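**Q**
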Amino acid sequence: FITKKSQPEDAHVSHDSESVRRAALEAVRDFPEPVGELIKSSDKLNMADLRFRWLWPWEWDRKAKGKGSVTVVGDALHPMTPDLGQGACSALEDAVVLARCLSASNINMEDINWGEEEERKIEECFKKYA
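Here our numbering runs 3 ahead of the position in the sequence shown, where the first position is 1.
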């Protein structure tokens, strides 16, 4: 992974692998030569350009994290770089938090004939979670 702060001039980098390879080589031009050789010899299918940007908390609050009985968990909710390997872990943590909220709502999970009240409770749990 090569990470660097995105600059306006990086906008020209498209999602094709050769463009990404050129941008990666430019980013490591002052590194020892083996780093550049590693990029040059990498399979182009392994080249991807992922743009991360700072999201102010008040922007995040305005964005939909869920609707009704559907919500996002893991790295879909908690943006992180792929090298952290934390997406599945945060999804499991989120599942525990959501399960506790659902459990506290006293919904009979075995009753498949839920009414509006149960659906409202579930939606409320998802809102609290998100």
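Backbone N, C-alpha and C define an ideal beta-carbon position, used for all residues, glycine too. Since the structure is predicted, the reported quantities are computational estimates derived from the model, not experimental observations.
Strictly by DSSP, which residues pair up with T74?
**A** G69
**Q** Just verifying my parser: in three-state terms, what is the DSSP assignment at A27?
**A** A27 carries a helical assignment under DSSP once its states are collapsed to helix, strand and coil.
**Q** Give the range of the alpha helix (DSSP H) segment to which E113 is assigned.
**A** Annotation for E113: no alpha helix (DSSP H) segment contains it, and DSSP assigns it neither H nor E.
**Q** Look at the Cβ atom of F34, then the Cβ atom of T74, and state whether they are nearer than 8 Å.
**A** no
**Q** Checking contacts by CB at 8 Å: is E127 closer than that to chain C?
**A** In the structure shown, chain C cannot be found, because there is only a single protein chain.
**Q** Where does L80 sit, in a helix, a strand or coil, going by DSSP?
**A** coil
**Q** Measure from the alpha carbon of K8 to the alpha carbon of each residue in G69, R123, E96, A27, then state which is nearest.
**A** A27
**Q** Using C-beta distances below 7 Å, list every residue in its chain close to Y132, excluding the 5 sequence neighbours before and after it, in chain order.
**A** T74, V100, L101, C104
**Q** Helix, strand or coil for F165, going by three-state DSSP, please let me know.
**A** Any question about residue 165 goes unanswered here, given that the chain covers just 4 to 133.
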